[in-house]
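Structure first, commentary second.
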Amino acid sequence: AGTEVSTVEHVMAALMGCGVQNAVLEVDGPEVPILDGSSIPFVRAILKTGFTRLDAPVRALKVLKPVEVRRGEAVARLSPHKTLLIDFAIDFADAAIGVQRKRLNMSNGSFVRELSDSRTFCRKADIDEMLANGLARGGTMDNAVVVDGDKVLSPGGLRHQDEAVRHKMLDALGDLALAGAPILGHYEGSRAGHALTNELLRVLFATPGAVEWVTCDAAMEAELPGAGVHWGEVPQVA
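Everything in the sequence shown is counted per the numbering used here, starting at 6 for the first residue and increasing by one.
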């Protein structure tokens, strides 16, 4: 059925969040390395290397009418908007995470400044179960935020008080990047994960009149994720 590579969302978010629409990725294994659990290592590498402007127009996918998918209490929705706006809500029983919500326009380097350093998170009970089943052997407290009830177990604590929802937004951008181009639309996720956002994209493309390709003029390009981003906006983390 072809080659599969898993855990691509962090590098895809970094590429889209840095304004890269064309790139060749070489991976010598079945998954992209987790690194520190965020996109910041990829962002640093991309900005350090720099960009080449292609002699080709920038194209984007413009959402024309709302589409939505649901799975139990989880919801993912895309509706028309002139830029990419991400609105996410989470609700976890562990008090260290709890209820969090954040809304962010992805224009003007906001991904790099606000989201790129936010790490994946999990509960200690989930790690114990995975380790008992021989899984997640490469996982450490250094590449995830691990919580247990109202406690954050990871050394150094949180990078942001709402790091969990910021990381879910990072994941959503990476998932949306699989569309193959920047999306102009309002993404809303509530308890949504990778599978639901992937399903949302499939519904978007399968719904007649829901999306169209557009060629970006200079004003539109200036509002795309990563437009004008520079090294000085990269968060300083260890």
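Ideal placement from N, C-alpha and C gives every residue a C-beta, glycine not left out.
This structure is a prediction, so every number in the text was calculated from the model and none was measured.
- Residue environment analysis places F210 among the exposed positions, since fewer than 16 neighbouring C-beta atoms fall within 10 angstroms of its C-beta.
- DSSP, read as helix, strand or coil, puts D176 in helix.
- For E204, no beta strand (DSSP E) segment is defined; the enclosing uninterrupted segment is the alpha helix (DSSP H) at H199 to A211.
- Along the length of the segment 93-175, whole beta strand (DSSP E) runs at least 3 residues long occupy 104-110, 126-128 and 150-153, reported in chain order.
- Inclusion of L175 and S44 in the CB contact set at 7 angstroms is warranted, their separation being smaller than that value.
- Excluding the 5 residues flanking it on each side, K156 has same chain C-beta neighbours closer than 7 angstroms at A101, in chain order.
- In the three-state DSSP reduction, G185 falls in the coil class, being neither helix nor strand.
- When E14, V152, S123 and L181 are compared, the shortest CA-CA separation from K67 is found for L181.
- The Cβ neighbour count for T8, taken over all protein chains shown within 10 Å, is under 16; the residue is labelled exposed.
- Note on geometry: alpha-carbon atoms of E168 and L20 lie some 20 angstroms from one another.
- If you draw a straight line from the Cα of L136 to the Cα of R128, it comes to about 13 angstroms.
- Judged by DSSP secondary structure, L69 falls outside any alpha helix (DSSP H); it is assigned neither H nor E.
- For T54, the enclosing alpha helix (DSSP H) has its first and last residue at I45 to T54.
- In the three-state DSSP reduction, G237 falls in the helix class (H, G or I).
- Taking the Cα of W218 as reference, the smallest distance to any Cα among L69, A200 and I91 is reached at L69.
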